[in-house]
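These notes concern the structure reproduced below.
Number of protein chains: 2
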Amino acid sequence: MALLRSFPIVLWGLVAVHAEEGMWTYNNFPSQKLNALHGFAPSEQWLEKARLASVRLAQGCSASFVSPNGLILTNHHCATACIQDLSTPEKDYLAKGFWARQEGEELRCPNVEANQLAEITDVTAAITKVTSGKKDQEANEARKAEIARLEKAAATSENVRCDVVTLYGGGHYELYKYRRYQDVRLVFAPELGIALFGGDPDNFMFPRYNLDLSFLRAYDNGRPAASPNFFAVSKSGPKEGDLTFVSGHPGGTYRQLTIAQLELERDFVKPHLLYSFSELRGNLVQFQQRGAEQKRVSQSYLLSVENTIKAFKGEQAALTSKDFFKQLQAKEVDFRKRVMADRKLAFGMGGLWDEMEAVVKRERALFLRYIYLAAGFRTSLFAHARQLVRLADELAKPNEKRLEEYTESRLPQLRQYLLSTAPVSKELEIEKMTFALTKLVEALGPDDPDVRRILGKQSPREIATSMVNGTQLDQPQVCKRLLEGGKAALDQSTDPMIGLARKIDPAARAVRKQHEDEVESPIKRLGEKLAQARFAVYGASIYPDATFTLRLSVGQVKGWMESGRMVHPFTIFGGAFERHTGSDPFALPGSWLDAKEKLNPQTHFNFVTTNDIIGGNSGSPVFNKDLQLVGLIFDGNIHSLGGNYGFDPEVNRAVAVDSAGIMEALEKVYGAGRVVNELFRPPPAP
Amino acid sequence: MALLRSFPIVLWGLVAVHAEEGMWTYNNFPSQKLNALHGFAPSEQWLEKARLASVRLAQGCSASFVSPNGLILTNHHCATACIQDLSTPEKDYLAKGFWARQEGEELRCPNVEANQLAEITDVTAAITKVTSGKKDQEANEARKAEIARLEKAAATSENVRCDVVTLYGGGHYELYKYRRYQDVRLVFAPELGIALFGGDPDNFMFPRYNLDLSFLRAYDNGRPAASPNFFAVSKSGPKEGDLTFVSGHPGGTYRQLTIAQLELERDFVKPHLLYSFSELRGNLVQFQQRGAEQKRVSQSYLLSVENTIKAFKGEQAALTSKDFFKQLQAKEVDFRKRVMADRKLAFGMGGLWDEMEAVVKRERALFLRYIYLAAGFRTSLFAHARQLVRLADELAKPNEKRLEEYTESRLPQLRQYLLSTAPVSKELEIEKMTFALTKLVEALGPDDPDVRRILGKQSPREIATSMVNGTQLDQPQVCKRLLEGGKAALDQSTDPMIGLARKIDPAARAVRKQHEDEVESPIKRLGEKLAQARFAVYGASIYPDATFTLRLSVGQVKGWMESGRMVHPFTIFGGAFERHTGSDPFALPGSWLDAKEKLNPQTHFNFVTTNDIIGGNSGSPVFNKDLQLVGLIFDGNIHSLGGNYGFDPEVNRAVAVDSAGIMEALEKVYGAGRVVNELFRPPPAP
């Protein structure tokens with residue numbers, strides 16, 4: 186029902202007009218404002234500890250250290266891929282849960298990288314120096330080269346990861362230096378049935394009853410890593426009205442886009458993706474009917490597709506809400522008016538929005554070729570082939586001339602991915618690749634020369650079947666040999682998937698270049714100008730759109746009004762048992778049914794806060810001003826999806842697992858004493 | 186690529202400002218205007234002959250008589266369901282084609298009704314008399330009762346079908362009296378591979394190479410029906426520039442909707458349906474991978490789903506085109522201004538558009554409950570159960586008090602449907618029903634009381650499996666017994682599907698009633714007022730929106746400009762062989778490959794005209810002023826989909842099979858001498 190709701194409240198975005206709004210960078214946190222509102226101003230030390238206790242999972246999630254020994258708390262859905270990768274037909278950890286009773290049983294995730302933000306350096310001057318005075322395309326290339334140079338220079342070892350991040354849409358560049366952990370092991374995960382209780386129907390809904398958590402551990406040289414900065418876990422959880430902080434990595438918000446860009450999103454991009462994902466979902470759901478093993482190997486993929494669909498639908502509901510969109514339009518009108526009212530500022534800005542509209546037209550014209558040839562085509566084995574082919578070509582170039590994902594600072598994560606031992610289901614790969622090729626034909630048309638070159642006289646299914654069955658890229662040692670053998674090994678390979686990647690690559694690179702030159706480059710220039718104007722008009726106390734960099738948000742535990750009724754901010758264990766029907770996705774696992782008598786039904790299970798979060802924040806710690814962890818972010822309510830474009834403090838809510846519920850479940854359902862002990866009686870750091 | 190196009194040309198709709206625009210009723214055909222433009226004014230006799238040679242297939246298509254012995258020409262895709270229904274695992278007529286070498290081999294379609302429009306009577310006065318002065322809801326009920334009464338009074342036998350149709354959105358009511366044929370038999374159908382050559386990728390595209398035809402025959406008392414009014418088939422087909430008429434049954438256009446109604450369509454209804462259909466498509470495509478038999482039994486269903494998706498996407502492309510929508514807005518502004526400029530007319534019209542906006546809000550709020558509980562849920566076996574349950578209840582009421590689809594005049598078609606011998610695949614039904622129930626939960630939420638009552642503690646798949654496996658409604662004799670046994674038999678039935686229909690019916694009827702009272706009734710009143718104003722402002726020479734009633738449109742054979750290049754109006758046989766790859770959907774059938782040497786590659790295959798058509802026109806004859814059939818409508822180009830909302834003469838095109846191609850294929854590929862002889866040397870009527 187939630188998708189039907191309109192979004193009637195005035196919202197803003199970027200200029201935080203509400204206490205709760207804002208995904209603040211750690212080096213521009215509005216302590217004064219917080220002090221004025223809540224009588225609490227975080228100290229530098231407090232901020233540093235929170236930052237160092239925060240963890241990014243490089244594949245797209247947030248997390249935190251919860252013991253001095255590298256123990257990491259994150260969501261179950263942030264570790265689903267790892268849990269599935271470690272499973273076998275005989276040991277299905279996704280369905281049954283996982284629990285390492287001793288350190289030696291902790292299992293390394295094939296493809297997880299954890300990052301801890303160690304240092305932030307402003308590099309705006311260096312970047313603007315190399316781009317100033319250049320035309321769009323040249324400036325874009327110079328910017329990328331300088332970023333590659335800066336990142337490489339700062340990364341002193343493989344354990345250090347350096348990313349130059351663009352903030353405020355181009356007005357500001359900072360170098361984020363992370364401690365990198367690639368040996369990350371699974372410690373504990375409950376059953377999917379309770380982690381995702383209610384499944385897709387309950388996703389982005391509240392009240393909720395999910396134990397959406399997992400424990401991982403960062404290792405250093407084969408030993409648990411030292412993590413002196415960590416959050417102590419509160420056994421009692423928060424109370425209604427408590428001030429809450431969330432430190433995490435929101436993936437992306439689009440509150441600064443122009444109306445022309447939002448219209449493209451609303452009228453073309455999102456609908457196109459939603460049709461595709463919906464079809465893929467139907468395909469996967471039916472694929473799972475082939476049998477239990479097929480269900481097992483496609484489970485994490487289907488869950489991610491379903492989550493994407495629901496998130497996109499919520500975002501579309503916001504964009505197609507007349508009231509909501511009118512407010513976004515009003516925001517742009519106000520901004521333009523203020524810019525034009527300042528003669529100095531107005532100079533050179535007059536045609537900016539029209540120019541953006543022209544770029545958007547170009548973006549639309551290129552969109553399908555771009556996503557299907559350059560960006561898309563994301564089946565695991567084809568992606569491996571493309572990465573190997575490109576890597577060999579790119580490594581032959583100097584660092585500054587490479588495509589950005591092959592610059593030195595990105596290589597460790599790429600190598601981890603290519604050498605991952607995660608099993609690949611060829612049966613599922615055939616379906617994914619058939620689907621991808623079918624969509625390619627549909628998007629570009631059967632007469633497109635690139636489509637003809639790729640398909641020849643074969644159907645998508647024929648090609649997918651012969652490629653997937655013929656390739657050996659599912660074997661890590663084959664990938665390793667090709668990776669280490671470089672261009673020579675690649676050129677000699679007769680692997681059909683490598684052959685296909687080679688065949689597609691010229692067209693893929695061409696459309697990517699075209700997109701960079703005609704869309705990305707001018708948007709960057711326009712973005713910089715808009716950012717400068719925004720600072721000039723609204724002052725320095727604004728926050729940048731989310732970019733999967735660490736942010737701190739402030740809120741409180743608080744319900745909201747839904748259709749005239751107040752939604753209470755907490756749910757309790759008893760509610761989960763009431764909601765249990767016995768049928769998936771409303772079936773509690775046996776462990777919970779067995780433990781029912783031992784559990785206190787009044788224990789808080791999930792709760793909501795007014796913190797401003799978005800996708801990528803999953804796994805973020807919720808903590809109080811004493812830096813005690815009281816909850817674990819795992820979702821937003823349906824209204825929070827409009828937060829992509831603008832924040833509405835009346836109804837936007839973050840959804841978290843209560844730390845009281847976590848403790849009770851660990852102790853009474855799972856008897857996970859080792860973890861509980863570590864959380865409460867942390868042994869001395871090694 | 187077509188979906189990317191914008192719709193830049195000024196369009197109108199309903200007020201025919203272009204020569205080609207207009208789906209004219211036979212009793213208001215603009216002969217004068219045609220004469221002025223083309224020097225040809227159809228006589229009354231000409232119009233009568235064209236009307237009587239036109240055929241409606243009541244399940245949703247158009248067709249025509251092409252011999253005096255009841256021979257009917259329509260599309261393959263209008264007979265796909267019949268062809269599949271008549272097939273078995275051993276005899277797959279869809280894949281292999283069907284050809285009755287003698288009359289005795291013609292096979293009766295389980296569920297096809299053909300209608301010939303015999304008479305039109307204006308009943309506006311009778312209807313407005315019973316509704317005038319009444320409030321919306323009362324007026325709606327009185328209107329329905331009067332319609333039921335008029336239809337029953339006019340239908341003198343089971344062979345006569347009478348429908349009161351609403352024209353001009355409510356301004357006008359006419360009684361359409363049809364000769365009804367329920368014994369309709371399959372005579373000839375080519376292989377699906379050539380009927381739908383190019384499949385979904387080529388659907389709504391041009392150039393095309395489709396033999397999208399089938400021949401049926403109407404029977405009367407077990408003998409071929411006499412059809413003295415028929416179209417003679419031209420062996421040479423049309424030439425570029427030729428004047429063309431199309432007589433058929435466009436299903437529905439929405440050129441008169443207010444902007445508020447169009448916004449609901451664009452922002453909510455269409456996207457929702459497209460997500461659903463896309464998911465269903467993915468589901469069916471993967472279902473077909475279970476095996477050849479599963480592919481066979483789901484083929485016609487999948488084709489209809491794919492066609493719907495592509496049509497909807499084209500319509501959305503029009504509605505989300507900024508230029509196109511601006512023109513629709515300008516049209517409304519112009520209309521409102523003219524209404525307001527006329528003081529007499531303006532009285533009582535001022536708040537009309539705002540009132541419509543309020544109704545639209547209500548419509549949106551009710552939409553999901555309405556389509557999932559009242560209208561939706563269309564799996565064959567559940568639909569049978571619901572019809573049987575309702576019919577028993579409705580027949581107990583007087584004709585005028587029944588739900589409209591159970592009034593006397595509708596019963597013959599309903600009985601045909603319920604007693605159909607078309608086979609039902611229970612395996613496919615389980616999937617359809619699982620999908621429908623899953624969408625119901627998703628749309629209304631797992632906590633909705635009706636959802637809870639329907640699902641209980643079971644999952645959608647569990648219910649679907651037990652219902653479908655447990656029901657006997659797939660057996661025609663069981664349906665017959667329940668149909669003839671009436672309420673008593675129904676009440677005693679322990680069939681689980683009947684039980685489910687009983688369980689859902691109170692909620693389904695309630696939301697339908699709510700929808701009738703709060704949406705349908707006020708829209709009818711507002712529609713009547715708008716229609717009256719439209720007549721007053723624009724005069725009598727306007728055409729009503731399409732309503733699946735017989736219409737005549739005028740056009741000519743003419744290409745169009747696409748991305749700066751002229752698209753030639755004809756394709757030839759040679760092009761089909763060039764396009765042949767050997768892989769589905771670009772694989773010509775063996776019969777064509779074998780006949781290649783005998784065929785003249787220059788023979789015209791398909792062509793385009795400027796006729797104004799829409800879905801439902803499929804199977805319509807294209808004929809010249811001598812009433813010779815020169816083509817067979819089977820599609821529109823991608824731009825024609827915007828025709829749902831406004832006609833653009835520059836790019837809107839109807840797509841037809843050329844009669845020259847039809848003749849050559851029948852003779853040289855199929856050796857279908859019996860049909861060719863009947864088309865050219867019609868034997869004396871029996």
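For the record, the sequence lines run as chains A and B. Residues 186 to 871 in the numbering used here are what the first sequence spells out, letter by letter. Residues 186 to 871 in the numbering used here are what the second sequence spells out, letter by letter. We put the CB at the ideal spot given by N, CA and C, even for glycine.
Name the chain B residues whose beta carbon is nearer than 9 Å to that of residue i?
i, result
"Pro661 of chain A", "None at all; the shortest Cβ gap to chain B is about 29 Å."
Under DSSP, the alpha helix (DSSP H) around residue i begins and ends at which residues?
i, result
"Asn492 of chain A", "477 to 504"
Kindly list, in the order they appear in chain B, the residues whose Cβ is closer than 7 Å to that of residue i.
i, result
"Lys642 of chain A", "Thr766, Gly767, Ser768"
"Asn654 of chain A", "Under the 7 Å cutoff, chain B gives no residues; its nearest Cβ is about 15 Å from Asn654 of chain A."
"Glu647 of chain A", "Ser768"
Find the residues of chain B that neighbour residue i, judging by a C-beta separation of less than 8 Å, and give them in chain order.
i, result
"Leu465 of chain A", "Gly467"
"Gln501 of chain A", "Pro456"
"Ala771 of chain A", "For clarity, residue 771 of chain A is Phe in the given sequence; the question names Ala instead. What Phe771 of chain A touches in chain B: Pro631."
For residue i, count neighbouring Cβ atoms within 10 angstroms of its own Cβ and tell me buried if that reaches 16, exposed if not.
i, result
"Pro871 of chain B", "With a pLDDT of only 47 at Pro871 of chain B, under the threshold of 50, the placement of this residue in the model should not be trusted, and no figure is reported."
"Lys314 of chain A", "exposed"
"Leu698 of chain B", "For the sequence presented, residue 698 of chain B should be read as Lys rather than Leu. With fewer than 16 Cβ atoms within 10 Å of its Cβ, Lys698 of chain B is classed as exposed."
"Val418 of chain A", "buried"
"Gly846 of chain A", "buried"
"Thr273 of chain A", "exposed"
"Gly198 of chain B", "Note that Gly198 of chain B scores 44 on pLDDT, short of 50, meaning its location in the model is unreliable and no value can be drawn from it."
"Met879 of chain B", "Absent from the structure is residue 879 of chain B, since the part of chain B shown begins at 186 and ends at 871."
"Pro597 of chain B", "buried"
"Pro193 of chain B", "Model confidence at Pro193 of chain B stands at a pLDDT of 30, short of 50, so the residue's coordinates are unreliable and nothing is read from them."
"Gln230 of chain A", "exposed"
"Asp539 of chain A", "exposed"
"Asn785 of chain B", "exposed"
"Arg528 of chain A", "exposed"
"Val726 of chain B", "A quick correction: the sequence has Ser, not Val, at residue 726 of chain B. Its Cβ having fewer than 16 others within 10 Å, Ser726 of chain B is exposed."
"Lys853 of chain B", "buried"
"Asp508 of chain B", "exposed"
Listing by chain order, which chain A residues have their CB less than 9 Å from the CB of residue i?
i, result
"Phe472 of chain B", "Gln471, Gln474"
Check for me: the beta strand (DSSP E) holding residue i runs from which residue to which?
i, result
"Trp745 of chain A", "745 to 747"
"Gly821 of chain B", "813 to 821"
"Val251 of chain A", "Segment: none, Val251 of chain A is in no beta strand (DSSP E) and carries neither H nor E."
"Ile257 of chain A", "256 to 259"
Applying a beta-carbon distance threshold of less than 7 Å, which residues of chain A neighbour residue i?
i, result
"Val836 of chain B", "Per Cβ cutoff of 7 Å: no residues; Val836 of chain B is ~17 Å from chain A at best."
In chain A, which residues lie less than 8 Å from residue i when you measure between Cβ atoms?
i, result
"Thr650 of chain B", "Residues of chain A passing the Cβ test: none, with the nearest at roughly 11 Å."
Ranges of the beta strand (DSSP E) found wholly within the stretch 517 to 581 of chain B, counting only runs of at least 3: none
Can you list, in chain order, the stretches of the beta strand (DSSP E) that have 3 or more residues and sit fully within the stretch 300 to 358 of chain B? 345 to 352
According to a CB-to-CB cut-off of less than 9 Å, which residues of the stretch 430 to 461 of chain A neighbour chain B? Glu448, Arg451, Asp452, Phe453, Pro456, His457, Leu459, Tyr460, Ser461
Identify each residue in the stretch 378 to 397 of chain B for which the Cβ-Cβ distance to at least one residue of chain A is less than 7 Å, and report them in chain order. Pro386
For the stretch 740 to 756 of chain B, enumerate the residues whose C-beta is nearer than 8 Å to any C-beta of chain A, in chain order. none
Just by C-beta distance, which residues in the stretch 677 to 707 of chain B are closer than 7 Å to chain A? none
Any C-beta of chain A within less than 7 Å: which residues of the stretch 301 to 315 of chain B qualify? none
Return the chain-ordered ranges of every beta strand (DSSP E) run that is complete within the stretch 743 to 807 of chain A and spans a minimum of 3 residues. 745 to 747, 750 to 752, 755 to 757, 789 to 794
Residues within the stretch 545 to 575 of chain A neighbouring chain B, beta-carbon criterion of under 9 Å: Arg549, Ala550, Phe552, Leu553
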